[in-house]
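Asker: I'd like to ask some things about the structure below.
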Amino acid sequence: MTAAIEADGLVKTFKGGVRALDGVSFAVEPGTVFGLLGPNGAGKTTAVRILTTVLRPDDGRAAVLGHDVSAEPGLVRGLFGLAGQYAAVDENLTARENLRMVGRLNHLPRGVIAERSHTLLADFALEDAADRPLKTYSGGMRRRLDLAAALVASPPVLFLDEPTTGLDPQSRLDLWRVIEGLVADGTTVLLTTQYLEEADRLASELAVVDHGRVIAAGTPAALKTDLGTTVVEIVLADDRGVAASMEALTGIGGQPPRVSGTTIELPANAGPGVAMEALRLLDQAGVVPVSFTLREPSLDDVFLTLTGRPADDRGDPASVPASAVRP
Amino acid sequence: MTTIAGERVGAARVARGPLRRFRWGVSDTLTVVQRNLLAYLRIPEALFFSSVQPIMFVLLFRYVFGGAIHVPGVSYVNYLIPGIFVQTVAFGAVSTSIGLAEDLQKGLIERFRALPMARSAVLTGRTVADLARNVVVVLIITAVGYAVGFRIQTNVAAFVAGLLLLLLFAYALSWGFAVIGLSAPNSETAQVMSFPVLFPLTFASSAFVPVASMPSWLRGFAEHQPVSVVVDAARALMLGGPTASYVWQSVAWSVGIVVVLAPLAVRRYRRA
Ligand SMILES: Nc1ncnc2c1ncn2[C@@H]1O[C@H](COP(=O)(O)OP(=O)(O)OP(=O)(O)O)[C@@H](O)[C@H]1O
Ligand SMILES: [Mg+2]
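Printed below as a string of structure tokens:
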């Protein structure tokens with residue numbers, strides 16, 4: 001079976017020498033969700049822009065439903081819908097007018113455009129605001145309209161670049177349900193995200209990118225077993241016991257513990273023995289934790305193992321490695 | 328949620344055959360024109376103040392500077408209005424650069440480039456919408472011109488021919504401003520980048536004063552540059568005098584500008 005989306009050795013260097021993609025390859029099975037995961041600047045958007053014919057690769061090949069994006073860009077553009085990282089909607093038009101414009105530029109018949117707009121405005125909870133100019137919209141509403149616009153033509157392939165960034169939890173859940181519905185109907189989705197929870201829930205295959213390279217790929221479950229670590233999570237009542245606990249726990253479990261606020265995470269791949277020893281050491285140090293749990297590996301741990309930094313690390317001071325904490 | 332996928336139409340939306348492609352190209356352009364015109368209508372303040380500016384120019388030259396300017400053989404108001412027409416539509420063509428820079432900045436061009444629409448429609452749709460806007464401006468100036476004493480000295484057909492000639496010229500300029508708009512980092516910069524082109528062209532011309540009054544080093548440029556040629560053609564058509572040579576020259580300028588600058592704009596668009 002041919003892949004619905006194919007990237008084969010994509011390379012892109014921008015002016016100024018940034019090598020955004022350094023030989024990225026992956027393939028997406030028809031009717032599945034593929035997650036492209038990576039930190040800021042990993043090259044996710046660049047890959048999406050190449051796959052959607054907006055940007056030409058310096059090297060490598062990309063194809064959508066078997067059609068090469070460089071050889072047949074016009075044809076390929078008729079096969080996918082795109083919601084880019086930043087909502088690209090016309091501020092001066094209403095939501096309905098925006099959808100009509102995109103429908104027309106997709107050469108859909110009038111009747112189909114009207115019907116699709118009606119359905120999408122309802123599904124994205126924009127009915128009440130449908131005839132208001134976008135100037136009065138909130139960021140999340142714009143985002144939802146942008147997603148609706150990507151769906152007007154009922155494309156068989158969908159590219160969503162960080163689709164839930166900027167959405168409130170309810171809208172995020174709604175969108176997840178929409179995506180699941182689309183996939184059930186046979187749509188192929190390529191999704192980029194920084195939220196591991198999102199990739200975990202939606203994607204059947206993942207590729208983790210960093211510095212323009214795929215550093216790991218597979219199903220979320222496989223990645224977690226191969227690369228994740230079981231973690232002992234200790235929550236303290238306040239930060240008074242943190243320093244003492246850190247001192248007590250350093251040296252067990254193979255890796256240094258990490259602290260975030262009053263939560264301490266201790267890698268425990270060696271098994272439950274680590275947890276038993278941790279409890280004993282805490283007891284000796286006179287620290288009584290509020291909660292003490294043994295957590296199965298999450299994609300966050302996978303990410304940390306792969307890149308040496310957490311997935312959402314944007315210089316957030318609340319989450320620093322233990323070595324950076326002064327007693 | 329099953330309705331959201333809709334009917335599978337994707338595979339059928341590929342342009343087959345040159346006729347289909349042409350029809351879609353026209354329809355894409357009209358869609359973009361409509362979208363641009365709607366944007367103008369949605370910001371009535373911009374529309375209002377962009378017509379106030381040429382009216383101010385009419386009043387300024389008619390009543391403030393006009394008394395000091397003497398043009399042999401013609402009343403100054405009759406001399407002035409054809410010049411104001413050309414100056415105004417040339418200024419109006421700057422909206423092409425501002426509009427494109429804004430679309431680029433807001434990511435709309437990126438969206439358009441990922442749609443199965445004609446590549447040319449974004450640029451033709453923009454320039455045609457700006458032409459339509461200039462038509463409205465020309466009608467306003469005609470009314471204001473009449474109010475301050477301008478009178479057609481030839482006939483209505485020749486007057487309309489003059490307007491068509493200068494609108495064609497403005498349309499050609501739009502393609503030049505498209506190049507600027509697609510090279511600018513944002514719309515404000517696009518606007519200020521347009522003025523160094525626009526000012527010498529409109530003011531070092533025969534639009535407001537006879538070229539003969541200028542110093543000789545400037546006269547050579549002022550006499551032969553396209554704005555003067557178009558102004559002289561419009562004047563001949565509206566006020567009388569030999570027209571053929573001016574008319575052909577200004578048509579040649581307009582066509583020449585499009586032939587040279589439109590491919591440049593298209594190239595910029597592909598790379599932007
Ligand atoms: N137009 C451009 N010109 C120059 N450099 C660019 C350009 N676009 C992206 N880059 C660089 O290429 C690298 C990859 O960028 P890209 O936008 O693909 O990352 P990303 O994975 O989408 O990140 P984010 O999560 O922040 O959206 C970054 O270092 C970025 O600075
Ligand atoms: Mg990105």
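If you're matching them up, the sequences are chains D and L in order.
Just so you know, the first sequence maps onto residues 1 to 327 in the working numbering.
Just so you know, the second sequence maps onto residues 328 to 599 in the working numbering.
Built from N, CA and C at the ideal position, the CB exists for glycine as well.
Just so you know, these numbers come straight off a predicted model, no measurement behind them.
Check whether the region 453 to 460 of chain L and the region 538 to 556 of chain L are in contact - that is, three or more C-beta pairs closer than 8 Å.
Answerer: Contact between the region 453 to 460 of chain L and the region 538 to 556 of chain L is absent, because fewer than three Cβ pairs lie under 8 Å.
Asker: Quick check on DSSP: helix, strand or coil for D/S25?
Answerer: In the first sequence, the residue the question calls residue 25 of chain D occupies position 25. Residue state, collapsed to three classes: strand.
Asker: Examine chain L for any beta-carbon lying closer than 8 Å to the beta-carbon of D/L167, and answer yes or no.
Answerer: Stepping through the first sequence from its first residue, residue 167 of chain D is reached at position 167. With 8 Å as the cut-off, D/L167 does not count as an interface residue toward chain L.
Asker: Once you ignore the five residues that flank L/A441 on each side, which residues in its own chain have a CB closer than 7 Å to its CB?
Answerer: Counting from one through the second sequence, the residue named residue 441 of chain L turns up at place 114. Within the same chain, L/A441 has no close Cβ partners at all.
Asker: So if DSSP puts L/K433 in a beta bridge, which residue, or which two residues, is it bridged to?
Answerer: By 1-based counting over the second sequence, the position of residue 433 of chain L is 106. The partner list for L/K433 (beta bridge, DSSP) is empty, contrary to what the question assumes.
Asker: In terms of alpha-carbon separation, which member of L/R562, L/G508, L/K433, L/E437 lies closest to L/V487?
Answerer: Start at 1 with the first residue of the second sequence, and residue 487 of chain L comes out as number 160. Selected option, being the one with the closest Cα: L/R562.
Asker: If you compare alpha carbons, which of D/L10, D/P156, D/L151, D/V24 is closest to D/L175?
Answerer: As a position in the first sequence, residue 175 of chain D is number 175, starting the count at 1. When only C-alpha atoms are compared, the closest one is D/L151.
Asker: For L/L346, which residues from the same chain have a beta carbon less than 7 Å from its beta carbon, with the 5 sequence-adjacent residues on both sides left out?
Answerer: Sequence index remark: in the second sequence, residue 346 of chain L carries index 19 (1-based). So no residue of the chain qualifies.
Asker: Pull up the distance between the alpha-carbon of L/V416 and that of L/V557, whole angstroms please.
Answerer: The sequence position of residue 416 of chain L within the second sequence is 89, counting from 1. The sequence position of residue 557 of chain L within the second sequence is 230, counting from 1. Looking at the two C-alpha atoms, the distance is approximately 11 Å.
Asker: Considering only C-alpha positions, which residue in the set D/T305, D/A237, D/R77 is nearest to L/R438?
Answerer: By one-based count along the second sequence, residue 438 of chain L stands at place 111. Nearest option by C-alpha distance: D/R77.
Asker: If you measure between the beta carbons of D/K12 and D/T46, is that distance less than 8 Å?
Answerer: Along the first sequence, one-based indexing puts residue 12 of chain D at 12. Along the first sequence, one-based indexing puts residue 46 of chain D at 46. Yes; because the gap between Cβ atoms is below 8 Å, this pair is in contact.
Asker: DSSP state of L/A539, grouped into three classes?
Answerer: Taking the second sequence and counting its residues from 1, the one referred to as residue 539 of chain L is at position 212. Note: L/A539 maps to helix in three-state DSSP.
Asker: Using 10 angstroms around the beta-carbon of D/A318, count the other beta-carbons present and answer buried if the total reaches 16, otherwise exposed.
Answerer: Here residue 318 of chain D refers to the residue found at position 318 of the first sequence. Unreliable placement is indicated for D/A318, whose pLDDT of 35 sits below 50; the coordinate value is still reported in the next sentence. Counting Cβ neighbours within 10 Å, D/A318 comes out exposed, since fewer than 16 surround it.
Asker: Taking DSSP as the reference, what is the three-state secondary structure of D/H67?
Answerer: As a working mapping, residue 67 of chain D is identified with position 67 in the first sequence. Strand.
Asker: Would you mind stating whether D/R49 and D/A87 have Cβ atoms separated by less than 8 Å?
Answerer: Here the question's residue 49 of chain D lines up with position 49 in the first sequence. Here the question's residue 87 of chain D lines up with position 87 in the first sequence. No, the Cβ-Cβ distance between D/R49 and D/A87 is not below 8 Å.
Asker: Below 6 Å CB to CB, which residues in the same chain sit around D/D283 once its five sequence neighbours on both sides are set aside?
Answerer: The residue you call residue 283 of chain D lines up with position 283 of the first sequence. There are no such residues.
Asker: Contact defined as beta carbons within less than 8 Å: I believe L/Y534 pairs with L/G410. What is the distance between those atoms, to the nearest angstrom?
Answerer: If you number the second sequence from 1, residue 534 of chain L lands on position 207. If you number the second sequence from 1, residue 410 of chain L lands on position 83. One point to set straight first is that residue 534 of chain L is Ala, not Tyr, in the sequence displayed. Indeed, because the Cβ distance is near 3 Å, the residues count as touching under 8 Å.
Asker: From the DSSP output, in three-state form, read off D/V189 for me.
Answerer: By 1-based counting over the first sequence, the position of residue 189 of chain D is 189. Strand at D/V189.
Asker: Which ranges does the alpha helix (DSSP H) cover as unbroken runs of at least 4 residues, wholly within the region 204 to 280 of chain D, from first to last along the chain?
Answerer: Within the region 204 to 280 of chain D, the complete alpha helix (DSSP H) runs of at least 4 residues are 220 to 227, 242 to 249.
Asker: Using a C-beta to C-beta distance shorter than 7 Å, which residues of chain D count as neighbours of L/E437?
Answerer: Counting from 1 along the second sequence, the entry for residue 437 of chain L is found at position 110. Within 7 Å Cβ-Cβ: V54, G84, A88.
Asker: Does D/A171 come out as helix, strand or coil in the three-state DSSP assignment?
Answerer: Start at 1 with the first residue of the first sequence, and residue 171 of chain D comes out as number 171. Checking the sequence shown, residue 171 of chain D turns out to be Ser, not Ala. It is helical.
Asker: Rounding to the nearest angstrom, what Cα-Cα distance links L/V464 and D/I179 in this structure?
Answerer: What you label residue 464 of chain L is simply residue 137 of the second sequence in a count that begins at 1. What you label residue 179 of chain D is simply residue 179 of the first sequence in a count that begins at 1. Rounded to whole angstroms, L/V464 to D/I179 spans 48 Å at the Cα level.
Asker: Between which two residues does the beta strand (DSSP E) carrying L/G583 extend?
Answerer: Within the second sequence, residue 583 of chain L is the residue found at index 256, counting from 1. It is not in any beta strand (DSSP E) - L/G583 instead sits in the alpha helix (DSSP H) that spans 571 to 598.
Asker: Would you check whether ligand 2 has a heavy atom nearer than 7 Å to the C-beta of D/T305?
Answerer: If you number the first sequence from 1, residue 305 of chain D lands on position 305. Every heavy atom of ligand 2 is 7 Å or more from the Cβ of D/T305, so no.
Asker: Where does L/Y473 land, buried or exposed, given buried means 16+ other C-beta within 10 angstroms?
Answerer: As a position in the second sequence, residue 473 of chain L is number 146, starting the count at 1. The residue is exposed, with fewer than 16 neighbouring Cβ atoms inside 10 Å.
Asker: Where the beta carbon is closer than 5 Å to any heavy atom of ligand 1, which residues qualify, in chain order?
Answerer: Taking each Cβ in turn, the ones that pass are D/F14, D/V18, D/A20, D/N40, D/G41, D/A42, D/G43, D/K44, D/T45, D/T46.
Asker: Taking C-beta pairs closer than 7 Å, name the residues in chain D that L/T358 reaches, listed in chain order.
Answerer: As a position in the second sequence, residue 358 of chain L is number 31, starting the count at 1. Correct list: M101, R104, L105.
Asker: Within 8 Å of any Cβ in chain D, is that where the Cβ of L/L365 sits?
Answerer: Here residue 365 of chain L corresponds to residue number 38 of the second sequence, with the count starting at 1. Chain D, which has a Cβ nearer than 8 Å to the Cβ of L/L365, makes this yes.
Asker: Measure the alpha-carbon distance for L/T329 versus D/L145 and round it to whole angstroms.
Answerer: Residue 329 of chain L sits at position 2 when you count from the first residue of the second sequence. Residue 145 of chain D sits at position 145 when you count from the first residue of the first sequence. Confidence at L/T329 is low in this model, with a pLDDT of 37, below 50, so its placement is unreliable and no value can be given for it.
Asker: Would a check of beta-carbon distances place L/D457 closer than 8 Å to chain D?
Answerer: The count along the second sequence starts at 1 and reaches residue 457 of chain L at position 130. Cβ-Cβ to chain D under 8 Å: no for L/D457.
Asker: Quick check: the Cα distance between D/A129 and L/P371, rounded to an integer number of angstroms?
Answerer: In the first sequence, counting from the first residue as 1, residue 129 of chain D sits at position 129. In the second sequence, counting from the first residue as 1, residue 371 of chain L sits at position 44. In a straight line, the C-alpha of D/A129 is about 22 Å away from that of L/P371.
Asker: At what residues does the alpha helix (DSSP H) containing D/T46 begin and finish?
Answerer: Within the first sequence, the letter at position 46 stands for residue 46 of chain D. Here the alpha helix (DSSP H) through D/T46 covers 44 to 51.
Asker: Could you list which residues in chain D have their beta carbon closer than 8 Å to that of L/L442, in chain order?
Answerer: Reading the second sequence from its first residue, position 115 is the one you call residue 442 of chain L. Within chain D, the residues near L/L442 are R77, V102, L105, N106.
Asker: Between the region 179 to 189 of chain D and the region 24 to 40 of chain D, can you find at least three pairs of beta-carbon atoms closer than 8 Å?
Answerer: With the cut-off at 8 Å, the region 24 to 40 of chain D and the region 179 to 189 of chain D touch.
Asker: What is the DSSP secondary structure of D/F159, reduced to helix, strand or coil?
Answerer: Walking along the first sequence from the start, residue 159 of chain D turns up at place 159. In this structure, D/F159 counts as strand in the three-state DSSP scheme.
Asker: Can you tell me the Cα-Cα spacing of D/A278 and D/D161, whole angstroms?
Answerer: As a first step, residue 278 of chain D must be located in the first sequence, where it is residue number 278. As a first step, residue 161 of chain D must be located in the first sequence, where it is residue number 161. Approximately 42 Å between the Cα atoms of the pair.
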